[in-house]
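Engineer: Following this message is one structure expressed as structure tokens.
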Amino acid sequence: MSETNTLRDSARHGDGGKVFDAGPEGTYPPTEEMLDAPVDPEVKARREAELRKAWETPKGWRYWSAVNNTEVGVWYSLTAFFFMLCAGVLALLMRIQLAVPDNDFLSADRFNQFFTMHGSAMMFLFAVPMFEAVSILILPAFLGARDMPFPRLSAYGYWSFLIGGIFVLGSILFNVAPSSGWFMYPPLATEQEGIGPDIWLLGLSFIEVASIAAAVELIVGTIKCRPPGMRINLMPLYAWYVLVVGVMILFAFPPLIAGDFLFELQRSMDWPFFDPDRGGDPLLWQHLFWIFGHPEVYIVFLPSIAIAAMIVPTAAQRPMVGYSWIVLSAVGVGFLSFGLWVHHMFTTGLPSLSLGFFSAASEAVVIPTGVQIFAFVATLMVGRVTMSQPMLWIAGALAIFTAGGLTGVMVAIAPFDWQVHDTYFVVAHLHYTLFGGMVFPIIGGIYYFYPFITKKKMSDRLSKWAFWLTFSGFNICFLPMHLTGLQGMPRRVFTYPESAGWDVLNMVSTLGSFILAAGILVFAWDLLRPKSKQPLTERNPWNAGTLEWSHDVPEEAWGVRSVPYIASRYPLWEQPKFLERFDDGKFYIADAPEGRRETIVTSAVDAVPQAVVQVTGPAWVTLWAAAFTGGAFILPVFKFYWLSAFSGACAVACVIYWLWTSTAQVPKDPMRDAGLGLRLPVYVTGPKAPGWWAVFITMLGDATAFASLVFGVFFFWTARPDFPPEGAALPDMMWALSAMLAYVVAWGATVAARELNRGGRQGVARWCIVGAVLATCAALGGMWLAIVMPGLQPETHAFPAVMYALTVWTSAHCVLAIVMLLYCLAGSVLGKLTQLYDADLRNTTLFWHFMCLSGVITTLLVGVAPRLM
Amino acid sequence: MTEETPFRHESIWHMIAAPTVWTLHFAIIYAITAVECSKIGTPDLARLSILGLTVLALALICWIAWRAWVQWDYLDDQDYVHDKPTVEARREFLGHAGFLLSIASAIGVIFVAMPALFIETCL
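Just so you know, the sequences run in chain order A and B. Numbering-wise (my numbering), the first sequence opens with residue 920 and increments by one. Numbering-wise (my numbering), the second sequence opens with residue 2 and increments by one.
Structural data, given as structure tokens:
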């Protein structure tokens, strides 16, 4: 810690962002003397009062306008838990139906609706949202941050999730739920009567958008909101997993959104993407679905195992063995999990060579997955383990997950999979991986973090009951299913004849499922029972070493008393005098002189402080924005297209109001005293700003969705002999190329506007923005003329349909680009965007890099590629 | 402390270079096989290209692994924990993680290429 020097020097080791404006001034890192300097008790009391006021949670009915991560996180996780219980009830009803042969407890159609909703809800309404909920709740505490970087975005994501979840799950009460399986295979799902598939497609797309919003926030939080000194090699393992999973969501969810887009176009406009009679191919959907669906399994597994990675060192009372190995494991799984999707499609008749690649990759992923399990076991072996409530659940998780992993190795082998495909063997396998990889660690995590979240403890006795009921019930229910499957019982059948001989095994499974349900109920009771008479917990009940256990008991809404300087992976174990300094507010931004909510932004790798930025506070506009976005997604189910468009416009208006009034505000004083002799800017722009990273990350996801559409074009080309069909009208090349030129001009004008504005020539910069808007309009016109003039009819064949789909997709982005440019123009004219404070324009330029690329690719694919195919 | 450090010492991008090679290798051999099986019908050319691409990918990964090993600099102080708040620990950590990822990626590349050794038809 003798590496003290002035900040200018160490900033060179930052993340290489260009320094345009006033950088940090003063001393960093702090010296021991500075950290020991006493704080006047009066000053301390005044600062605490300031912070308390700035972070006060709204009272009464205004409570629901709160955006703080501790509120939103709790709502989010309780909602996800509620949806899980609902999906669990569906499972129990199905188990009753299957308990005896030839049962008529449920009709076939209702049974179909139930298994579809059970899978969809467990995946989309429980597993992924639960990760986001738990991360929103605890990640800032791991990172010693006051809040997530964009609290209103979390709130918006939550309300969207709630509206979408109620809509999708509620459909089952009206007997109109989707019923063709959670993967919605065409042609079954495209041909299904009624609104079931539309509910699935639109409702879940809406939730996926909210998931991506949460992923963006979690990635930015991990990269930019770590406390000063927490270099990347000191990051808590949980943060590593969050980073990996956030990036995986970014690359896994967009293909499904692209698939949903095509699917819904087929259902509502009859564009035949998946109809083989008109040049489509149902396999395209399977590819897009499983490119999402397999990484998804790891997206729910990794964050749960991340919780285990926090509990294991605490249980062993020593640092994790093999930190680098666990990083290898998380990152390696993140990559390899994208090479597995076809193992869900082994029976679709792909070339066996292709099957071989996916089979091999499915076996290879076992290596990084196994490494982290070994690291956990090694830590437990060399430590002195105290068997606490959470550790019991983690031990159960490791046992069950390992069993699921072993059957995974079996089904990854294509010939074995051909035998057990669509049987109960697969049901057993997937429940073993998901219970061991997700449900058990999450419950263990809730026991572990409960004192942190509510400042009370859960019951030891009830925990043991819940565990043993769940653990034994789970095995009684799912272990026999391996046999049921090997004896040939197919999945998704609503009943079976007595002669099949599956009745005993099914009865055992049904009994087990109710024991399992009893265990979950005991847990739910322990979680929710009133605890007002119970004493508060001690501050660090498990004697853990990580930052979250520096929390305040009783609760304070400010997140952390002061943002600490970190020099260790386990500061509470290894940094002497840490808590005393933390509580006295001897670290950074221990006050709120202007009564604003603030947090520290640091560089991406070495966590050198860069700025103190304002974070947004309570607002109703997020709720309105979510409600209108919900309208835009839900109304098309009932064919109210104009109303839906109106609702979408209202949502955009809400978001613009929210951005205009609370983000990138021109500060009164450009610098702020952050404490410990350090002065930091309060406005950052470009790669230093969290907002810039958010745009960058969002656009990566958006580009992935676009890439999936491009994949669709090439997929049709390889899979279909008639793509494009003989003698079909081809899009006009000249119009397409003119549109391409217009994209490049618009992009150039936007970049020029940024540079001119930075150079102090705002007048010319504004004209450049106007020019960019006009060029975008020209590009939009050119693209449409290119497909409309030669008379392409999207209903006739998949070829014109996919050309139209690309054009629709890029057009929607053009509209967004125009809105962003006009927002910057208005900002420049009204003084919100100035020479120095140009974050909005820089973010718009970043958007335009992606926009220009996708515009050029679209015009080439439409105008040139069909002539070469 | 004051001398300029190379970008790779503070770069997560270098850490994930090897799995990125795995991804590209995987995507390209999948695409080649799909195109050849649908347009020609026999995978001979595809199998040859897979061999070439695999050798290329392994060579690249070996080079990445060597650079990561040098950055980890294990033999210097035999540190494999990297839990100090220093520039050196961060550099060695990123090198160490990059090295381990190279090994996992090399195994992945070899695994994925192996079916092309045994499977001679598109059926």
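Glycine residues also receive a C-beta, built at the ideal position from the N, C-alpha and C atoms. Just so you know, these numbers come straight off a predicted model, no measurement behind them.
What separation, rounded to the nearest whole angstrom, lies between the Cα atoms of Phe1354/A and Ile1292/A?
Structural biologist: Approximately 16 Å between the Cα atoms of the pair.
Engineer: Rank Tyr1484/A, Phe1552/A, Met1188/A and Lys1587/A by C-alpha distance to the C-alpha of Asp1502/A and give the top, closest one.
Structural biologist: Cα-wise, what sits closest to Asp1502/A is Tyr1484/A.
Engineer: Starting from the beta carbon of Pro1287/A, find every residue of chain B whose beta carbon is closer than 8 Å, and list them in chain order.
Structural biologist: Per Cβ cutoff of 8 Å: Ala105.
Engineer: To the nearest angstrom, how far is the alpha carbon of Ala1720/A from that of Ala1698/A?
Structural biologist: Roughly 20 Å between the two C-alpha positions.
Engineer: Going by Cα to Cα distance, which pick from Gly1253/A, Val1219/A and Met1264/A is closest to Pro1201/A?
Structural biologist: Selected option, being the one with the closest Cα: Met1264/A.
Engineer: Answer with yes or no whether the minimum CB distance from Tyr75/B to chain A is below 9 Å.
Structural biologist: No - not a single Cβ of chain A is within 9 Å of the one on Tyr75/B.
Engineer: Between the alpha carbons of Gln1406/A and Met1400/A, how many angstroms are there, rounded?
Structural biologist: C-alpha separation (whole angstroms): 9 Å.
Engineer: Can you give me, in chain order, the residues of the region 1626-1646 of chain A that have a beta carbon less than 7 Å from any beta carbon in chain B?
Structural biologist: Flagged, chain order: Thr1637 and Ala1638.
Engineer: Quick one: grab the DSSP three-state call for Asn924/A.
Structural biologist: Residue confidence is low: Asn924/A scores 42 on pLDDT, short of 50, so the model does not pin down where it sits. No coordinate-derived value is stated.
Engineer: Return no unless some Cβ of chain B is closer than 9 Å to the Cβ of Ile1151/A.
Structural biologist: Closer than 9 Å to some Cβ of chain B, the Cβ of Ile1151/A qualifies, so yes.
Engineer: Taking His97/B as the query, report the chain A residues whose CB atoms sit under 7 Å from its CB, ordered along the chain.
Structural biologist: Within 7 Å Cβ-Cβ: Ser1243.
Engineer: Any idea if Tyr1160/A is buried or exposed, counting beta-carbon neighbours within 10 angstroms, 16 or more meaning buried?
Structural biologist: Tyr1160/A should be labelled buried.
Engineer: Between the region 53-69 of chain B and chain A, which residues of the former have a C-beta closer than 8 Å to a C-beta of the latter?
Structural biologist: Going along the region 53-69 of chain B in chain order, one finds no residue with a Cβ nearer than 8 Å to chain A.
Engineer: Report the residue from Leu954/A, Asp955/A and Glu969/A whose alpha carbon sits nearest the alpha carbon of Glu961/A.
Structural biologist: Among Leu954/A, Asp955/A and Glu969/A, the Cα nearest to that of Glu961/A is on Glu969/A.
Engineer: Ignore the nearest five residues each way along the sequence and tell me which others in Leu1656/A's own chain have a CB closer than 6 Å to its CB.
Structural biologist: Correct list, in chain order: Gly1782.
Engineer: Looking only at its chain, what residues have a beta carbon closer than 6 Å to the beta carbon of Trp1384/A, apart from the 5 residues adjacent to it on each side?
Structural biologist: Around Trp1384/A: Val1441.
Engineer: Should Phe1769/A go down as buried or exposed, given a rule of 16 or more other Cβ atoms within 10 Å for buried?
Structural biologist: That one is buried.
Engineer: Since Pro1528/A is in the beta strand (DSSP E), which residue starts that stretch and which ends it?
Structural biologist: Its beta strand (DSSP E) spans residues Pro1528 to Gln1533.
Engineer: Taking Cβ to Cβ, would you say Pro1370/A is nearer than 9 Å to Thr1456/A?
Structural biologist: Contact flag set, yes.
Engineer: Any beta-carbon of chain B closer than 9 Å to the one on Ser1278/A?
Structural biologist: At least one chain B Cβ lies under 9 Å of Ser1278/A.
Engineer: Give me the DSSP bridge partner(s) of Asp1592/A.
Structural biologist: Beta-bridge pairing links Asp1592/A to Arg1598/A.
Engineer: Would you decide whether Trp1767/A is buried or exposed? Buried here means 16 or more other CB atoms lie within 10 Å of its CB.
Structural biologist: With 16 or more Cβ atoms within 10 Å of its Cβ, Trp1767/A is classed as buried.
Engineer: Here's the rule: buried if 16 or more other CB atoms are within 10 angstroms of the residue's CB, otherwise exposed. What is Leu49/B?
Structural biologist: By the neighbour-count rule (16 or more Cβ atoms within 10 Å), Leu49/B is not buried but exposed.
Engineer: Is it right to say Lys937/A is buried, meaning 16 or more other beta carbons lie within 10 angstroms of its own, or is it exposed?
Structural biologist: Note that Lys937/A has pLDDT 39, beneath the 50 cutoff, so the model's placement of it is unreliable and the number below is only indicative. Label assigned to Lys937/A: exposed.
Engineer: Hey, does Pro1270/A have any beta-carbon neighbour from chain B nearer than 9 Å?
Structural biologist: Output row for Pro1270/A: interface = yes.
Engineer: Specify the secondary structure class of Gly945/A as computed by DSSP and reduced to three states.
Structural biologist: It is a strand residue.
Engineer: Over the uninterrupted beta strand (DSSP E) stretch that includes Ile1138/A, give me the two end residues.
Structural biologist: Premise fails: Ile1138/A lies in the alpha helix (DSSP H), Gly1115 to Lys1143, not in any beta strand (DSSP E).
Engineer: Do you know offhand how far Phe1359/A's Cα is from Gly1315/A's?
Structural biologist: The alpha-carbon atoms of Phe1359/A and Gly1315/A are separated by roughly 7 Å.
Engineer: For Glu922/A, does the count of other Cβ atoms within 10 angstroms reach 16, so buried, or fall short, so exposed?
Structural biologist: Confidence in Glu922/A is poor, its pLDDT being 39 and thus under 50, which makes the residue's placement unreliable; the coordinate value appears in the next sentence. When all chains shown are included, Glu922/A counts as exposed.
Engineer: Can you tell me where the beta strand (DSSP E) holding Glu1517/A begins and where it ends?
Structural biologist: Taken as a continuous stretch (DSSP letters only), the beta strand (DSSP E) holding Glu1517/A covers Glu1517 to Thr1521.
Engineer: Give the residues of chain A in contact with Trp14/B, contact being defined as C-beta atoms less than 8 Å apart.
Structural biologist: Chain A residues near Trp14/B: none, gap ~11 Å exceeds 8 Å.
Engineer: Do you know whose CA, among Gln1185/A, Phe1211/A and Gly1212/A, lies nearest Gly1199/A's CA?
Structural biologist: Comparing Cα-Cα distances from Gly1199/A to each of Gln1185/A, Phe1211/A and Gly1212/A, the minimum goes to Gln1185/A.
Engineer: Starting from Ala1482/A, follow its DSSP beta bridges and name the residues at the other end.
Structural biologist: Before going further, note that residue 1482/A is Val rather than Ala in the sequence given. DSSP lists Tyr1507/A as partners of Val1482/A.
Engineer: Nearest to Phe1368/A by alpha carbon, out of Gly1113/A, Ala1665/A and Ile1057/A?
Structural biologist: Among Gly1113/A, Ala1665/A and Ile1057/A, the Cα nearest to that of Phe1368/A belongs to Ile1057/A.
Engineer: Give me, in chain order, the residues of the same chain whose beta-carbon lies closer than 6 Å to that of Gly1364/A; leave out the 5 immediate sequence neighbours on both sides.
Structural biologist: If we look at Gly1364/A and ignore the five residues flanking it on each side, its Cβ neighbours are Ile1226.
Engineer: Buried or exposed: which applies to Ala1551/A, given that a residue is buried once 16 or more other Cβ atoms fall within 10 Å of its Cβ?
Structural biologist: Label assigned to Ala1551/A: buried.
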